[in-house]
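Data block below; observations after.
Protein chains: 2
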Amino acid sequence: MSAPSKSELLREAGRAARARYRAGLVRPTAGVAPGLTQANMIALPRDWAFDFLLYAQRNPRSCPVLDVTDPGSRATVLAEGADVARDIPLYRVWRDGALAAEVPDAAAAFEAAGDLVTFLIGCSFTFETPLQEAGIEVRHIADGTNVPMYLTNRPCRPAGRLQGPMVVSMRPIPAGRVADAALISGRFPAVHGAPVHVGDPAGLGIADLARPDFGDPVRVEPGEVPVFWACGVTPQAAVMASRVPFAVTHAPGHMFVTDVPDAAYHV
Amino acid sequence: MSAPSKSELLREAGRAARARYRAGLVRPTAGVAPGLTQANMIALPRDWAFDFLLYAQRNPRSCPVLDVTDPGSRATVLAEGADVARDIPLYRVWRDGALAAEVPDAAAAFEAAGDLVTFLIGCSFTFETPLQEAGIEVRHIADGTNVPMYLTNRPCRPAGRLQGPMVVSMRPIPAGRVADAALISGRFPAVHGAPVHVGDPAGLGIADLARPDFGDPVRVEPGEVPVFWACGVTPQAAVMASRVPFAVTHAPGHMFVTDVPDAAYHV
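Listed in order, the protein sequences are those of chains X and Y.
Residues in the first sequence are numbered from 31 upward in steps of one, following my numbering.
Residues in the second sequence are numbered from 31 upward in steps of one, following my numbering.
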């Protein structure tokens with residue numbers, strides 16, 4: 031019997047991660063199954079699906095769509111045998127634009143809603159492996175915390191009934207490696223691509239880096255610059271700002287681990 | 031008074047081209063306003079818009095969406111002051127999946143339909159300027175004909191009520207420049223990107239290069255290889271295959287000339 035190939039080992043790591051989350055493990059997914067693409071999730075009633083898909087099309091840096099399920103389906107081409115309502119570590123259920131519950135399993139919410147259309151959206155965790163391979167420390171992975179995310183003063187382009195600000199994730203990068211981080215992440219446009227902003231948090235309307243709107247704060251060491259990437263929590267900001275009647279999303283930092291190698295989104 | 035900048039001259043070339051088409055000129059647009067992005071167009075009733083946007087999302091090589099209008103609107107962010115129902119040289123009106131009319135002005139068809147949503151989709155004419163700048167002859171421009179386009183045996187991924195085959199455009203490229211053509215076009219994923227197939231027309235189900243399904247045949251000289259790119263006529267193949275009740279599209283090869291420089295879609 032021959033040893034499993036690298037791609038078989040990768041897929042097995044993805045399957046195993048999803049199985050742990052389905053069994054109830056709740057933990058941020060940065061650094062999990064390195065080499066596999068991770069995805070943000072938002073599920074909306076069929077009646078809101080066009081507005082959302084258009085919102086994503088008009089705001090591709092924040093909302094790069096990787097897959098969309100058929101109405102009522104919980105299967106995705108991104109991960110064989112996966113259930114988008116159960117295989118994410120932590121879900122948020124939203125009513126009238128407000129957080130109604132955080133649950134480790136959203137099957138009941140999906141079943142009650144009936145015809146949800148689920149959108150899987152690129153996540154910057156995907157290019158963290160190439161950053162690390164280039165010798166750039168990813169602070170929240172090194173420290174075992176969730177990535178810090180911030181609401182910004184940048185409005186997204188509205189679509190139908192949806193509007194809201196861009197959300198960004200932040201990673202402190204040594205000044206001498208910022209250009210490398212931009213080039214490396216820029217090769218992955220489907221998972222947010224290059225930074226949208228480097229340094230100057232005030233320019234994004236961020237008053238205090240130590241108080242992120244989502245996730246955990248991270249250390250910024252002397253000689254490091256805060257670097258901001260568009261973030262797939264942007265749809266949740268739209269749910270809030272637009273008072274969407276009903277939605278299910280992942281909890282920030284708790285992503286859907288796919289079977290798709292990072293390299294598939296490399297340009 | 032200072033001389034106009036290069037970008038002002040470019041925008042003026044786009045405006046002038048659209049004005050000629052609005053005034054009634056009917057002619058393929060390859061080679062027109064070089065340096066500006068050109069777009070395929072399909073307008074569908076509001077009720078079909080989600081199915082189509084999902085079809086595009088699931089088939090991004092063929093249907094890279096550059097802009098989507100609000101229902102009933104004929105304005106686009108891609109070209110200031112443009113009218114998507116009048117500024118394309120030639121339109122096709124479709125009923126029940128069959129070509130009902132070719133008209134140089136679709137304003138009446140838009141007004142009768144009322145709530146059309148218009149999709150503007152990337153066009154490979156956009157990377158022909160960089161190909162030419164690299165010394166690669168674009169045969170249909172050199173010969174003053176329309177690009178040849180073919181229905182293939184490759185099914186697109188269906189979405190809702192929409193299904194159909196991928197359509198490709200073909201350019202003969204000298205064998206020693208095929209890799210260059212792949213690299214150059216590959217830098218423009220929003221306008222179809224790299225070729226989907228090189229050589230071997232039979233592999234795409236194309237029986238005879240001299241008989242394209244759309245556009246004109248071109249000379250293939252000794253030492254040249256037929257190179258195939260995904261084509262924005264793919265939505266028209268879906269209209270036919272899915273018997274869509276009503277649609278307006280551009281006529282193949284007769285594109286919407288935008289104000290957006292090619293460089294905006296360079297990665």
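Note that beta-carbon positions come from the ideal geometry of N, C-alpha and C, so glycine has one too.
Taking C-beta atoms under 8 Å as the contact rule, Thr182 of chain Y and Val198 of chain Y qualify, at a distance of about 6 Å. Taking a C-beta distance under 7 Å as the contact criterion, Pro275 of chain Y and Gly245 of chain Y do not qualify as a contact pair. A direct Cα-Cα distance of roughly 34 Å separates Ser92 of chain Y from Glu141 of chain X.
For the region 75-98 of chain X, the set of residues with a beta-carbon nearer than 7 Å to any beta-carbon of chain Y comprises Ala79, Phe80, Leu83, Leu84, Gln87, Val95, Val98, in chain order. Judged by DSSP secondary structure, Arg125 of chain Y falls within the beta strand (DSSP E) whose first and last residues are 121-125. Neighbours of Pro219 of chain Y in chain X, taken as residues whose beta carbon is under 8 Å from its own, are Pro219, Val297 in chain order.
Note that the C-beta distance between Pro160 of chain Y and Ile214 of chain Y is below 7 Å. Shortest Cα-Cα distance from Ala79 of chain Y to any of Y:Gly102, Y:Cys153, Y:Ile171, Y:Pro256 involves Y:Gly102. A straight line joining the alpha-carbon of Gln266 of chain Y with that of His227 of chain Y spans about 21 Å. Taking C-alpha positions only, Tyr180 of chain Y is separated from Ala271 of chain Y by approximately 15 Å. In the DSSP annotation of this structure, the continuous segment of the alpha helix (DSSP H) that includes Ser37 of chain Y starts and ends at 36-52. Per the coordinates, the alpha-carbon of Phe157 of chain Y lies some 43 Å from the alpha-carbon of Tyr121 of chain X. Gln68 of chain Y is a Cβ neighbour of Cys153 of chain Y, given a cutoff of 7 Å. Minimum Cα-Cα distance from Ile236 of chain Y among the listed residues Y:Pro195, Y:Gly206, Y:Gly223 corresponds to Y:Pro195.
In the three-state reduction of the DSSP assignment, Ile214 of chain Y falls in the helix class. Here the region 68-77 of chain Y lies against the region 105-120 of chain Y, with 3 or more beta-carbon pairs under 8 Å apart. For Ala277 of chain X, the three-state secondary structure derived from DSSP is strand. Ranked by Cα distance from Arg207 of chain X, the first of X:Glu254, X:Ala172, X:Arg125, X:Arg241 is X:Glu254. Within the same chain, and ignoring the five residues on either side of Arg169 of chain Y in sequence, the residues whose Cβ sits closer than 7 Å to its Cβ are Arg201, Pro202, Val248, Arg249. At the C-beta level, Val123 of chain X and Val278 of chain X come within 7 Å of one another. Looking at X:Ala189, X:Leu129, X:Ala128, the one whose alpha-carbon comes closest to that of Phe82 of chain X is X:Ala189. Asp97 of chain Y and Gly262 of chain Y have their C-alpha atoms spaced approximately 14 Å apart. For the pair Ala209 of chain Y and Val221 of chain X, the Cα-to-Cα distance works out to about 27 Å. Per DSSP, the continuous beta strand (DSSP E) segment holding Ala130 of chain Y begins and ends at 128-133.
Here the C-alpha atom of Gly127 of chain Y lies approximately 57 Å from the C-alpha atom of Ala172 of chain X. In the structure shown, the three-state DSSP call for Leu108 of chain Y is coil.
In this structure, DSSP gives Gly233 of chain Y a helical state, which the three-state scheme calls helix. Between Pro219 of chain X and Val287 of chain Y, the alpha-carbon positions lie close to 25 Å from each other. Around Asp243 of chain Y, the same chain offers Met179, Tyr180, Leu181 as residues with beta carbons nearer than 7 Å, after the five sequence neighbours per side are excluded.
For Thr159 of chain Y, the enclosing alpha helix (DSSP H) starts and ends at 158-163.
The beta carbons of Pro225 of chain X and Val257 of chain X sit about 5 Å from each other, so the pair counts as a contact at 8 Å. Beta-bridge analysis with DSSP links Gln193 of chain Y to no other residue.
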